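Residue numbers (full-length UniProt numbering): 1 to 868. Glycine included, each C-beta is placed from N, C-alpha and C at the ideal position. Predicted model only: the values in this text are computed from it and were never measured.
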């Protein structure tokens, strides 16, 4: 093909590519626009491949950028590429295999282009590329071989599903056959690429790999002792995938693999050890192989335990900490160093409120989420304990005794505490007899001078929350175990170190979630004292956790929080935080969520704080909606609407009918009418319909004038089958049920509501309770209409209702259903009648109205059928 570029276009494109090597942020957007304009040229990709391959005297970076741009064009606009241009790109790319460029970045860019064509165009449309790459594996030129290996590895990674297809399996057979010998090639990179390429066929359970399985396994075991780290990493990865996907084929080699993983898990190279540690996690999930590993647990567990110890890299990730200065507060990671103010709290209750400016520390979550050998090992130990239970605990306990009680090295002690926490869930039964000794040890270490031990002790003791709470039944056990643990956790919430604060808040939240009001209420004053002091102490990052802890506490203790003493301690600092944040501050979100739980629990106790909070929530929603209208676009964060609406729901639920004046004096209902029209935004619709239902319960007279506008939107979502909108649908169904109890005009919508709800009976557990209750409640005002459907739904409705707890909603639902039955008793089959009698007999506390209906229906059926 004799295509040649036009010089002016070529020079213009070269200039842009050269400028793109290191552009500033402002220039980046301009360069992207200029590059996009080149898409108007049908021959654009021809220019790019020409620069990449033909212009050997051009700077390598410029050529590589041309290749990257070409690859992205092909991936994103493959079907728009003219055939003549695509053929030229193919031709030039394959020619490059014959004359591999000295620049490795250029070679890899060419390989990426070939891969993109294979991925988008499928192998069967360009088999020449695979044959050319396979042939190059026999080349005497190392660069040609490396380029072929690198490209095949990319193709196997990105397109294995296509390669593994029956049409292409002969080519995959050839690839695997040719690659296996490279696992022992003298050049390390060749070994890495070959093993990696083959490994991508393992998860696909490739018949081509199975055909060469014996040879592949031999090659892996040969490479297992390789001195190159990357080779051994690939060997470990391959063994793990083979265990998962070709379990029966590796059984003859399983003991050899276990031995190898124990060896690699002890490697001084953390990357090799990390790969090996994943093996135990996978093994734990393959139950029928467990008996193979049991004899090796006495050797495996100590290796994993050793891997739990902090490395220097782990310590740097945790923070810049000087082990010789146990009382020093951790410095923050480099990119957060500008936030130098860390608040200090001393045990004598003296507090220093230092300046906090950590607005951007949300990045920190990503920083600390990097998976390390320590984290992988903890996960593997947890998985093994879940799978092997007493087999692991029996091995682990003597090791923990040595590491935690008899070691002078803080890293060893700390790793033992981590191991105990990791083993807690799976080994609880076997650990329980030892907890009277272990728990006091953990409580003591909650106040260790070593920050790392304090941190991990918080996490580990939270893993035994259920045991601690079980001690509350006996006063002596409560005093000996629960109260000391509670006291020390609360003190750690006020720790001087921000990471310990974080761990303590998380641990206490777990304790709260598992507790009942009975366990926590006696300690509410001291709990609130510590948590509210933390409100003054924490920076923004940990405030999010603290707000969650306060919200969880409110959920756990419920109305017990509505005590004047509790309110006087809790609310002033929260309202102070509320007042300190401007309406555009995203730190409002966690505070709004916290106040939602608190308002619900306080009930009427929230009344003194309602007006400013209610008004501001309405204003937040108003501002967002007005801005969207003025700008003519809906580009805003849904949370600015959903979170205030959630808080308003909490207030409405808590105040009940006393919320009416606040609703009347606001623009809330017109706002909800607008919100209900955001059909494409489920994050807005979900709280909108929940609030409509809450308002129907609390102050129906306020809601009624707006129902004619809201009902079409509610009906729309009741019929919405989109799984993403399941929660929206659920709330819409519930809201309609609440409206049906109070609105006579609901009968006008019955022909639309019932046909949408009836198919949902028995279909989804997520919305089942609301479907059953709403259908029944519709009978309160429209029992004649509902009665027509009894032959169709009677038995199914009754059967599903049996699993629903007795609540006020279920009571009113049965009132509506029974009215329909009373109107048309012949509508129920004999089977349904017997089920209804059974439900009536088992009902514990029916309301007076329901009791009257039960008696009437029983008498009617006895007269109709049983006393003839």
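Meets three-Cβ-pair contact criterion under 8 Å: the region 63-72 and the region 124-142 | no
Quick one: what's got a C-beta closer than 6 Å to residue 228's C-beta in the same chain, skipping five residues either side?
-> Locating residue 228 in the chain shown gives position 228, counting from the first residue. So the qualifying residues of the chain are 188.
Helix, strand or coil for residue 338 per DSSP?
-> On the chain shown, position 338 is the one that residue 338 refers to. Low confidence applies here, because residue 338 scores a pLDDT of 28, under 50, leaving its location unreliable; read the following figure in that light. Three-state result, residue 338: coil.
Is the shortest distance between the beta-carbon of residue 99 and the beta-carbons of chain C less than 7 Å?
-> Annotation note: the requested chain C is absent from the structure, which comprises a single protein chain.
Check each candidate in 153, 803, 526 and name the one with the smallest Cα separation from residue 118.
-> Indexing the chain shown from 1 puts residue 118 at position 118. Considering only alpha carbons, the answer is 153.
Go ahead and pull the three-state DSSP assignment for residue 352.
-> Your numbering for residue 352 matches position 352 in the chain shown. Reliability fails at residue 352, whose pLDDT of 33 lies under 50, so the model's placement of it is uncertain and no value is given.
Tell whether a beta-carbon distance below 7 Å holds between residue 646 and residue 596.
-> For this step, residue 646 is matched to residue 646 along the chain shown. For this step, residue 596 is matched to residue 596 along the chain shown. Yes, the pair counts as a contact, with Cβ atoms nearer than the cut-off.
What distance in whole Å lies between the Cβ atoms of residue 532 and residue 570, which are believed to be in contact at a cut-off of 8 Å?
-> As a working note, residue 570 is residue 570 in the chain shown. As a working note, residue 532 is residue 532 in the chain shown. Correct: roughly 6 Å between the Cβ atoms.
DSSP three-state assignment for residue 638, whether helix, strand or coil = Position 638 of the chain shown, counted from the first residue, corresponds to residue 638. In the structure shown, residue 638 sits in coil (DSSP, three-state: anything other than H, G, I, E or B).
For residue 813, the three-state DSSP class (helix, strand or coil) = The residue labelled residue 813 in the question sits at position 813 within the chain shown. Looking at residue 813 - three-state DSSP - the assignment turns out to be helix.
Runs of alpha helix (DSSP H) wholly within the region 823-865 (minimum 4 residues, chain order) | 830-842, 848-861
What do you reckon, are the CB atoms on residue 757 and residue 771 nearer than 7 Å?
-> In the chain shown, counting from the first residue as 1, residue 757 sits at position 757. In the chain shown, counting from the first residue as 1, residue 771 sits at position 771. In contact: residue 757 and residue 771 (Cβ atoms closer than 7 Å).
What did DSSP end up calling residue 871 once you bin it into helix, strand or coil?
-> What is shown of the chain runs 1 to 868, which leaves residue 871 out entirely.
Rounded C-alpha distance that separates residue 479 from residue 521 = Position 479 of the chain shown, counted from the start, is the residue given in the question as residue 479. Position 521 of the chain shown, counted from the start, is the residue given in the question as residue 521. Straight-line Cα distance between these residues: approximately 16 Å.
Under 7 Å, do residue 430 and residue 372 count as touching if we go by C-beta distance?
-> Taking the chain shown and counting its residues from 1, the one referred to as residue 430 is at position 430. Taking the chain shown and counting its residues from 1, the one referred to as residue 372 is at position 372. It is not a contact, given that the beta carbons lie outside the stated cut-off.
How about residue 47 and residue 13: do their beta carbons lie closer than 7 Å?
-> Working through the chain shown from its first residue, we reach residue 47 at position 47. Working through the chain shown from its first residue, we reach residue 13 at position 13. Going by C-beta atoms, residue 47 is nearer than 7 Å to residue 13.
Among the residues of its own chain, which have a CB less than 6 Å from the CB of residue 869, if the five just before and after it don't count?
-> In the structure as shown, the chain begins at 1 and stops at 868. Residue 869 is therefore absent and cannot be evaluated.
Could you pull out every residue in the same chain whose Cβ sits closer than 6 Å to the Cβ of residue 223, ignoring the five residues on either side in sequence?
-> One-based indexing of the chain shown puts residue 223 at position 223. Excluding sequence neighbours, residue 223 sits near 183, 231, 235.
Residues in its own chain within less than 8 Å of residue 548 by CB, not counting five upstream and five downstream?
-> For the purposes of this step, residue 548 is taken as residue 548 along the chain shown, with counting starting at 1. For residue 548, where only same-chain residues beyond five positions count, the Cβ hits under 8 Å are 505, 509, 590, 593, 594.
In the DSSP assignment, find the unbroken alpha helix (DSSP H) run with residue 433 in it and report its ends.
-> Along the chain shown, one-based indexing puts residue 433 at 433. No alpha helix (DSSP H) contains residue 433, which DSSP labels as neither H nor E.
Can you tell me which of the three DSSP states residue 42 falls into?
-> For the purposes of this step, residue 42 is identified with residue 42 of the chain shown, where counting begins at 1. It is coil, neither helix nor strand.
Are the beta-carbon atoms belonging to residue 115 and residue 158 less than 7 Å from one another?
-> The residue you call residue 115 lines up with position 115 of the chain shown. The residue you call residue 158 lines up with position 158 of the chain shown. Yes; because the gap between Cβ atoms is below 7 Å, this pair is in contact.
On the three-state DSSP scale, how would you describe residue 308?
-> In the chain shown, residue 308 corresponds to position 308, counting from 1. In this structure, residue 308 counts as coil in the three-state DSSP scheme.
How big is the Cα-Cα spacing for residue 20 and residue 11?
-> Stepping through the chain shown from its first residue, residue 20 is reached at position 20. Stepping through the chain shown from its first residue, residue 11 is reached at position 11. Cα to Cα, residue 20 sits roughly 14 Å from residue 11.
Best match in 207, 208, 272, 268 for proximity to residue 239 [C-alpha to C-alpha] | Position 239 of the chain shown holds residue 239. For residue 239, the nearest C-alpha among the options comes from 272.
Span separating the alpha-carbon of residue 274 from that of residue 282 = Counted from its first residue, the chain shown places residue 274 at position 274. Counted from its first residue, the chain shown places residue 282 at position 282. If you take the alpha carbons of residue 274 and residue 282, they lie about 13 Å apart.
Kindly provide the ranges of any alpha helix (DSSP H) runs that are 4 or more residues long and lie completely inside the region 724-759, ordered along the chain.
-> 726-742, 750-757
Euclidean distance between Cα positions of residue 648 and residue 641 | Your numbering for residue 648 matches position 648 in the chain shown. Your numbering for residue 641 matches position 641 in the chain shown. Cα to Cα, residue 648 sits roughly 11 Å from residue 641.
Label residue 199 either buried or exposed according to how many other C-beta atoms from any shown protein chain fall within 10 Å of its C-beta, with 16 as the threshold for buried.
-> Residue 199 sits at position 199 when you count from the first residue of the chain shown. With 16 or more other Cβ atoms within 10 Å, it is buried.
Neighbour-count burial assignment, residue 452, 16 or more Cβ in a 10 Å radius = Locating residue 452 in the chain shown gives position 452, counting from the first residue. Buried is the call here.
To the nearest angstrom, report how far apart residue 102 and residue 306 are at their CA atoms.
-> Indexing the chain shown from 1 puts residue 102 at position 102. Indexing the chain shown from 1 puts residue 306 at position 306. Each residue's Cα considered, the two are about 45 Å apart.
Determine the extent of the alpha helix (DSSP H) in which residue 233 is found, giving its start and end residues.
-> Reading the chain shown from its first residue, position 233 is the one you call residue 233. Looking at the DSSP string, the run of the alpha helix (DSSP H) that includes residue 233 is 229-245.
Can you tell me the Cβ-Cβ gap for residue 448 and residue 462, rounded? I've got them flagged as a contact below 8 Å.
-> Indexing the chain shown from 1 puts residue 448 at position 448. Indexing the chain shown from 1 puts residue 462 at position 462. Incorrect: roughly 16 Å between the Cβ atoms, too far for contact.
Looking at the structure shown, is residue 702 part of a helix, part of a strand, or coil, going by DSSP?
-> Taking the chain shown and counting its residues from 1, one reaches residue 702 at position 702. In this structure, residue 702 counts as helix in the three-state DSSP scheme.
For residue 511, three-class secondary structure by DSSP | In the chain shown, the residue the question calls residue 511 occupies position 511. Residue 511: helix per DSSP, three-state reduction.
Give me the Cα-Cα distance between residue 426 and residue 401, rounded to the nearest whole angstrom.
-> Taking the chain shown and counting its residues from 1, one reaches residue 426 at position 426. Taking the chain shown and counting its residues from 1, one reaches residue 401 at position 401. Cα to Cα, residue 426 sits roughly 19 Å from residue 401.
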